[in-house]
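In my numbering, the protein residues as written are 76 to 178. Before any comments, here is the structure.
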Amino acid sequence: MKPVLVIPTRYASTRLPAKALRLIHGKPLVQHVYERALAAQGFGQVLVATDDERIREVCTGFGAEVCMTARTHESGSDRLAEVAHLQGWADERIVVNLQGDEP
76 MKPVLVIPTR
86 YASTRLPAKA
96 LRLIHGKPLV
106 QHVYERALAA
116 QGFGQVLVAT
126 DDERIREVCT
136 GFGAEVCMTA
146 RTHESGSDRL
156 AEVAHLQGWA
166 DERIVVNLQG
176 DEP
């Protein structure tokens, strides 16, 4: 079973609000991260985890799989744990956390 890669992304960034949707060379930051994740190969699934409808809309617009999560998470790892639960992944499933602001 191939590992899965989850990109936790939120709109309410503390230092730079809406950072995930900021354009870099005409593409939102989250799209750059997603495309690099796909280019890495070796993953059975790549998806974006977010609590924000604006991010979901942008991500589905460029073809990303998105999992909506609660707004209460204090970290990307907490968001990742919710995704694993929502997706029904087994405890032994390898899940890679790729931060949504690291293209």
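Backbone N, C-alpha and C fix where the C-beta goes; we use that ideal spot for every residue, glycine too.
Beta bridge counterpart(s) of residue i as assigned by DSSP
i, result
"M143", "T125"
"V79", "Q120 and V170"
Option nearest residue i by Cα separation, candidates the options
i, options, result
"L161", "A145, D176, G175 and I169", "A145"
"L173", "V123, R131, C142 and H148", "V123"
"D126", "I169, V141, G117 and L98", "V141"
"Q120", "I130, K77, H100 and V108", "K77"
"G175", "M143, L91, L104 and T89", "L104"
"G117", "Y86, V170 and E177", "V170"
Assumed close pair residue i, residue j - CB separation to whole angstroms, cut-off 8 angstroms
i, j, result
"A112", "L155", "Contact doesn't hold; Cβ gap of about 14 angstroms is too wide."
Local conformation of residue i per DSSP, three classes
i, result
"T135", "helix"
"L98", "strand"
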